[in-house]
Amino acid sequence: MPPFLPRSFYARDSLAVAPDLLGALIVRNGVVLRITEVEAYRWPGDTACHARHGRTERNAALWGPPGTAYVYLCYGIHHMLNLVTGAEGEAQAVLVRACEPVTGLAAIRRRRGGGDGPALLTGPGKVGAALDLDLSFSGRRLYERGLLEVRRGEPPVHVLAGPRVGIAYAEPAHRRMPWRFAAAGTPWVSLRRRLRAMSVSVRPTPSGA
DNA sequence: TCTACGATCTTT
DNA sequence: AAGATCGTAGAT
């Protein structure tokens, strides 16, 4: 099994961490996923971020130390996985929006009641379901042995960047920020149609180096 | 307390 | 185009 992404990997701006996370592996109870799509959020200066109303009981983990998880419930149904970045006391995180299954695909299908092709892990709610997450995962450290681990993986050659999804409530300027990143050339990406407007760029830094 | 609504997904 | 489904935040 590849080494953990160290705590220091996360102790940077979420904007730098987000693209570097593409290709990394999420390990959870026999299931291994490769991250293919992420979004960066950070406060201040981003009204799409959950920290926009300050520190609350719900978003407490978002302000926690880098390299920990922030899981929240969306639409009363979906458990969304964020990886906390920056320094402790800041409110920054990277949302995992899509993954490619590496191992444990059978367990994931069972969990979801069978069926499905490439749409299996495209979308943050589906990722949360595949990893069987709940709110108790908030605050867990991801850089050491545990129920949820993140390890080094093969980075994609090219990265797509574009505006984030599902943040209509944010200020227009923040809505337009190209803080959504996806590995180019894989089917493991959500809302493919909106990817067409994205610009192709070369990956800035190697993952976990 | 009450109410509106969400970093979504599925079905119609 | 809209329902599922429920915890949170802001208002009362």
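Using this note's numbering, you'd call the opening residue of the first sequence number 1463 and step up by one each time. Think of the CB as a built atom: it goes at the ideal place given N, C-alpha and C, for glycine as much as any other residue.
Open item on the list: Restricting to Cα atoms, I'd like to know which of L1595, S1652, R1559 is closest to I1570.
Closed with: L1595
TODO: Compute the Euclidean distance between the alpha carbons of W1650 and L1582, then round it to the nearest angstrom.
DONE: 8 angstroms
Open item on the list: Closest to N1544 by C-alpha separation, out of L1524, V1494, R1573, would be which residue?
Closed with: L1524
Task: Residues that N1544 bridges to, as DSSP identifies them - done: Y1532, L1557
TODO: Report the rounded CA-to-CA distance for Y1503 versus V1556, giving the unit in angstroms.
DONE: 6 angstroms
Open item on the list: Please state the DSSP three-state secondary structure of R1514.
Closed with: helix
Task: Beta-carbon proximity check, P1625 vs M1639, cutoff 9 angstroms - done: yes
Task: Endpoints, the beta strand (DSSP E) within which A1502 is located - done: 1493–1505
TODO: Return the residue from the list E1501, T1498, T1530 that minimises the CA-CA distance to R1607.
DONE: T1530
Task: Collapsed DSSP secondary structure at L1487 in the structure displayed - done: strand
Task: Bridge partner(s) assigned by DSSP for P1563 - done: L1495
Task: Proximity to A1592 [Cα-Cα], best of L1610, S1600, G1548, A1478 - done: L1610
- [ ] Have a look at P1668 and D1482 and give me their C-alpha separation to the nearest angstrom.
- [x] Low per-residue confidence applies at P1668: pLDDT is 47, beneath 50, and the placement is therefore not dependable, though the value from the model is reported in the following sentence. So the two alpha carbons sit approximately 6 angstroms from each other.
- [ ] From the DSSP output, in three-state form, read off A1478 for me.
- [x] helix
Task: With 16 other Cβ atoms within 10 Å as the buried cut-off, status of A1671 - done: The pLDDT assigned to A1671 is 45, lower than 50, so where the model puts this residue is not dependable, and the model offers no usable value.
TODO: Mind checking who V1589 pairs with in its DSSP beta bridge?
DONE: DSSP, once it has assigned bridges, lists no residue as partnering V1589.
Open item on the list: Quick check on DSSP: helix, strand or coil for L1622?
Closed with: strand
TODO: Tell me whether the beta-carbon of L1495 lies closer than 9 angstroms to the beta-carbon of V1546.
DONE: no
Open item on the list: Distance check for M1463 and P1527, CA to CA, integer angstroms please.
Closed with: 25 angstroms
Task: Local Cβ density within 10 Å of C1511, reported as buried at 16 or more and exposed below that - done: buried
Task: Other residues of its chain near G1551: CB distance less than 7 angstroms, five sequence neighbours each side excluded - done: W1525
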